[in-house]
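Residue numbering for the sequence shown follows numbering that gives the first Met the number 0, starting at 0 and increasing by one per position.
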Amino acid sequence: MNAPMRLGAMATLSDHVMISALRVDFLELLVLPGDEMTQIRAFCDDFDGELILHAPEELPDGRMLDLSSVDASWREMSVRRVREVTKAGENTARPVVIHPGGITETPVLDTSGMMASLRKSLDALPDYTWLENMPLHYHHRGRKLCSNLMRTPEEMKRVDDLVAGFTVDVSHAYLGVPENGNDNVRAMFVELGEAVRHVHLSDARYPDLEGIMIGDGDVDMSFLPYLRGLPVLLEVWDGHVDGGAGFREALRRMRGQ
Numbered sequence: 000m001n002a003p004m005r006l007g008a009m010a011t012l013s014d015h016v017m018i019s020a021l022r023v024d025f026l027e028l029l030v031l032p033g034d035e036m037t038q039i040r041a042f043c044d045d046f047d048g049e050l051i052l053h054a055p056e057e058l059p060d061g062r063m064l065d066l067s068s069v070d071a072s073w074r075e076m077s078v079r080r081v082r083e084v085t086k087a088g089e090n091t092a093r094p095v096v097i098h099p100g101g102i103t104e105t106p107v108l109d110t111s112g113m114m115a116s117l118r119k120s121l122d123a124l125p126d127y128t129w130l131e132n133m134p135l136h137y138h139h140r141g142r143k144l145c146s147n148l149m150r151t152p153e154e155m156k157r158v159d160d161l162v163a164g165f166t167v168d169v170s171h172a173y174l175g176v177p178e179n180g181n182d183n184v185r186a187m188f189v190e191l192g193e194a195v196r197h198v199h200l201s202d203a204r205y206p207d208l209e210g211i212m213i214g215d216g217d218v219d220m221s222f223l224p225y226l227r228g229l230p231v232l233l234e235v236w237d238g239h240v241d242g243g244a245g246f247r248e249a250l251r252r253m254r255g256q
């Protein structure tokens, strides 16, 4: 029989005690832009259980971390920051989830330069990173920006030789194409197969609502059998608020309790 999915929640250095108390099977530690790597390393070394690291969304200077930037200095600074995170977890072999970057104010039609930059960045990183797929629209600090890379399994396959696997974000997959999002969700699991190592699970609704409570959006959850044996992060929006009420409800729904 296939192993059951393992359910986890996102935490930071400041709230991990509260999140861990929710009876999750694993913890995903979101590294914040201002976190000291000595603290992250100490956390990784001391944590007794399954732990996944998630690289920060921003650089310490406030710019978005962008592994696909065609600006060489920006890209190299992003690579260095991700390398610092991977190094913090290397003694305990913690996998690190990374975003591809490639976020712009308006859509980019020719992404060949971005893709070349992304491949160069991934080639410079340790081999225990998991690359996450992106939606069409990317919300950041109250702005709605455009994602230009890694929205479909076809795009993900173009870098599968440079990463240890993929993190499939279900709401991102649903919102990664302008229509027929459920087809894109299922394709992620069917076409990427065993390269899918980790899942971010929430519901979604067009045109750009992600992180909805599981069962309250328009995602067809018939793909759930593909998640057996995988670490599944319940990534509902503001799940940590009110003592983790959103995470508790997501856990209840997934465990049928």
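Backbone N, C-alpha and C define an ideal beta-carbon position, used for all residues, glycine too.
Cut-off 7 Å between Cβ atoms - residues of its own chain near residue i, not counting five sequence neighbours on either side
i       : result
Met-76  : Leu-58
Val-162 : Leu-121, Thr-128, Trp-129 and Leu-130
Phe-222 : Val-184, Arg-185 and Phe-188
Asp-159 : Ala-194
Same chain, Cβ closer than 8 Å to residue i, five either side skipped, listed in chain order
i       : result
Lys-143 : His-136, Tyr-137 and Asp-207
Glu-234 : Met-9, Asp-168, Ser-170, His-199, Leu-200, Ser-201 and Gly-210
Asp-65  : Trp-73, Arg-74, Ser-77, Gly-100, Gly-101 and Ile-102
Asp-44  : Asn-90 and Thr-91
Arg-22  : Leu-250
Pro-106 : Cys-145 and Asn-147
Delimiting residues of the beta strand (DSSP E) encompassing residue i
i       : result
Trp-129 : 128-131
Met-9   : 5-10
His-136 : 136-139
Ile-97  : 95-97
Arg-196 : 195-200
Gly-228 : No beta strand (DSSP E) holds Gly-228; DSSP gives it neither H nor E.
Residues near residue i in its chain [Cβ-Cβ closer than 6 Å; skip 5 each side]
i       : result
Val-176 : Asn-183
Tyr-225 : Phe-188
Ile-51  : Glu-27 and Pro-94
Gly-112 : Val-69
Asn-181 : Asp-219
Ala-123 : Val-78
Thr-85  : Val-95 and Pro-125
Trp-236 : Gly-210
Counted within 10 angstroms of its Cβ, other Cβ atoms place residue i as buried (16 or more) or exposed
i       : result
Gly-238 : buried
Val-96  : buried
Val-81  : buried
Gln-157 : Before going on, a small fix: residue 157 reads as Arg here, not Gln. When all chains shown are included, Arg-157 counts as exposed.
Ile-116 : Note on residue identity: the sequence assigns Ser, not Ile, to residue 116. Buried: at least 16 other Cβ atoms inside 10 Å.
Leu-6   : buried
Arg-40  : buried
His-139 : exposed
Tyr-205 : exposed
Gly-214 : exposed
Val-16  : exposed
Val-231 : buried
Leu-229 : buried
Ala-20  : exposed
C-alpha distance - residue i paired with residue j, whole-angstrom precision
i       : j       : result
Gln-256 : Ala-54  : With a pLDDT of 48 at Gln-256, under the threshold of 50, the predicted position of this residue should be treated as unreliable, though the coordinate-derived value follows. Computed Cα separation, rounded: 32 Å.
Leu-26  : Glu-49  : 7 Å
Val-247 : Gly-33  : Note on residue identity: the sequence assigns Arg, not Val, to residue 247. Cα to Cα, Arg-247 sits roughly 28 Å from Gly-33.
Asp-60  : Glu-35  : 14 Å
Glu-178 : Asp-47  : 42 Å
Glu-83  : Gly-141 : 28 Å
Asp-217 : Leu-174 : 11 Å
Gly-192 : Val-240 : 34 Å
Lys-119 : Ser-67  : 9 Å
Lys-63  : Ala-87  : Residue identity differs from the one stated: residue 63 is Met in this sequence, not Lys. C-alpha separation (whole angstroms): 21 Å.
Residue range of the alpha helix (DSSP H) that includes residue i
i       : result
Glu-153 : 152-156
Val-184 : 180-191
Ser-19  : 15-19
Thr-37  : 36-45
Leu-28  : Looking at the DSSP string, Leu-28 is not in any alpha helix (DSSP H); the run it does join, the beta strand (DSSP E), is 25-29.
Glu-75  : 71-87
Gly-214 : First-last for Gly-214: undefined, no H or E at that position.
- Query: Is the segment 162-169 touching the segment 195-202, taking contact as three or more C-beta pairs under 8 Å?
  - Reply: Touching, yes, given that three or more Cβ pairs across the two stretches are closer than 8 Å.
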